[in-house]
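Here is the structure we will look at, set down as structure tokens.
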Amino acid sequence: MFHGPIVPPVRKRSRPVEADVPRREEVKFEDVRLYLVERKMGRSRRSFLTQLARSKGFIVEDVLSDEVTHVVSEDSHASSLWKWLKECAPKNLQNVNVLDISWFTDSMREGRPVAVETRHLIQEVLQCGRSFEVEKILSDERYRTLKLFTSVFGVGPKTAEKWYRRGLRSFTDILADRSIHLNQMQQTGFLHYGDITRAVSKAEARSLRNIIDEAVRAITPAAIVALTGGFRRYMSCPCL
1 MFHGPIVPPV RKRSRPVEAD VPRREEVKFE DVRLYLVERK MGRSRRSFLT QLARSKGFIV
61 EDVLSDEVTH VVSEDSHASS LWKWLKECAP KNLQNVNVLD ISWFTDSMRE GRPVAVETRH
121 LIQEVLQCGR SFEVEKILSD ERYRTLKLFT SVFGVGPKTA EKWYRRGLRS FTDILADRSI
181 HLNQMQQTGF LHYGDITRAV SKAEARSLRN IIDEAVRAIT PAAIVALTGG FRRYMSCPCL
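Residue numbers for the sequence shown follow the UniProt record's numbering, so the first one is 1 and each next one is one higher.
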């Protein structure tokens, strides 16, 4: 019996194992840095959303740092989220947008960072009693300076803005600048600033009303003089 030559089995060439190196996606939005909060979101979902955002050109930070501009949270109570953020203590927390996952979803759909709307914000005012956006505005130098300047009788928004652009930041700066010529109303406003800005008490308002009432009735006996504004609203309050 004759047997043919034994042919050894052909081994399939194994494919080279690709190195597990993360791909570097093209960054399209340099000024936006996201951080996805893993709490309530879960590790696997966070990883998936991170890869999705990076594939669309977003920068997603793995660690919450001072470079983060947008914090995205999913199904997280504002009170506990605020406490957690304070514990992480990024220095620029007041300048960070703390957003609901809806902002992230809208941005992924559009392929770019969408404008932050009210519906995107975590409702921290109702649940925490504070707002990142409000605190950001209140701590803004321009806002505080313009509010100070317009508190002077005779100084309107345009004048306050002009002084601010000239680098003036206080009443001392204004009064020391010889190039500024105050009109009569503004001079009065600075001269009597303390009296004008001081709140008027109910007793003082009543005394003034009595003086005016007496003068008016001397001319028109049937005239009626009444307090208005906040004094009138609280007129029926027994404590006033």
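Backbone N, C-alpha and C fix where the C-beta goes; we use that ideal spot for every residue, glycine too. Note that the structure is a prediction, hence the values are computed from the model and not measured.
Residues in its own chain within less than 7 Å of residue i by CB, not counting five upstream and five downstream?
{"i": "A223", "result": "V216 and R217"}
{"i": "residue 314", "result": "Only positions 1 to 240 of the chain appear in this structure, which leaves residue 314 out of reach."}
{"i": "V32", "result": "F58, I59, T69, H70 and P113"}
{"i": "R46", "result": "L36 and E38"}
{"i": "G167", "result": "none"}
According to DSSP, residue i sits in a beta bridge with which residue or residues?
{"i": "D195", "result": "None, per the DSSP bridge assignment."}
{"i": "D100", "result": "S73"}
{"i": "L121", "result": "L99"}
{"i": "L34", "result": "V60 and H70"}
What does the Cβ neighbour count give for residue i, buried or exposed, with the cut at 16 atoms within 10 Å?
{"i": "H181", "result": "exposed"}
{"i": "S107", "result": "buried"}
{"i": "N210", "result": "exposed"}
{"i": "V71", "result": "buried"}
{"i": "E67", "result": "exposed"}
{"i": "N97", "result": "buried"}
{"i": "L81", "result": "buried"}
Whole angstroms is fine: what's the gap from residue i's alpha carbon to residue j's?
{"i": "L175", "j": "T197", "result": "18 Å"}
{"i": "P22", "j": "T50", "result": "Confidence is the limiting factor: at P22 the pLDDT is only 49, short of 50, which leaves the residue's position unreliable and the question unanswerable from this model."}
{"i": "A19", "j": "R119", "result": "Note on A19: pLDDT 44, under 50, position unreliable in the model; the coordinate value appears next. The alpha-carbon atoms of A19 and R119 are separated by roughly 43 Å."}
{"i": "E161", "j": "Q186", "result": "15 Å"}
{"i": "E26", "j": "P113", "result": "15 Å"}
{"i": "S201", "j": "A226", "result": "16 Å"}
{"i": "S73", "j": "G42", "result": "11 Å"}
{"i": "S44", "j": "D140", "result": "39 Å"}
{"i": "Y193", "j": "E30", "result": "47 Å"}
{"i": "V63", "j": "L36", "result": "9 Å"}
{"i": "T220", "j": "G229", "result": "24 Å"}
{"i": "C239", "j": "A203", "result": "Residue placement at C239 is flagged as unreliable, the pLDDT there being 39, under the threshold of 50; the coordinate-derived value follows with that caveat. Using only the alpha carbons, I get a separation of about 12 Å."}
{"i": "E38", "j": "E110", "result": "23 Å"}
{"i": "F171", "j": "D213", "result": "38 Å"}
{"i": "W84", "j": "N95", "result": "16 Å"}
{"i": "N183", "j": "L208", "result": "28 Å"}
{"i": "L191", "j": "R206", "result": "26 Å"}
For residue i, which residues from the same chain have a beta carbon less than 6 Å from its beta carbon, with the 5 sequence-adjacent residues on both sides left out?
{"i": "V60", "result": "L34, T50, A53 and R54"}
{"i": "T104", "result": "It is Phe, not Thr, that sits at residue 104 in the sequence shown. Closer than 6 Å at Cβ, skipping near neighbours: V72."}
{"i": "T145", "result": "Y164 and R169"}
Can you find the residues in the same chain that come closer than 8 Å, C-beta to C-beta, to residue i, ignoring five residues on each side of it along the sequence?
{"i": "S102", "result": "R119 and H120"}
{"i": "L99", "result": "H70, V71, V72, S73, V116, H120, L121 and I122"}
{"i": "K28", "result": "K56, G57, F58 and R112"}
{"i": "G189", "result": "V152, F153, G154, V155 and I196"}
Step through the CB atoms of chain C and report whether any lies within less than 7 Å of the CB of residue i.
{"i": "S102", "result": "In the displayed structure, chain C is absent; only one protein chain is listed."}
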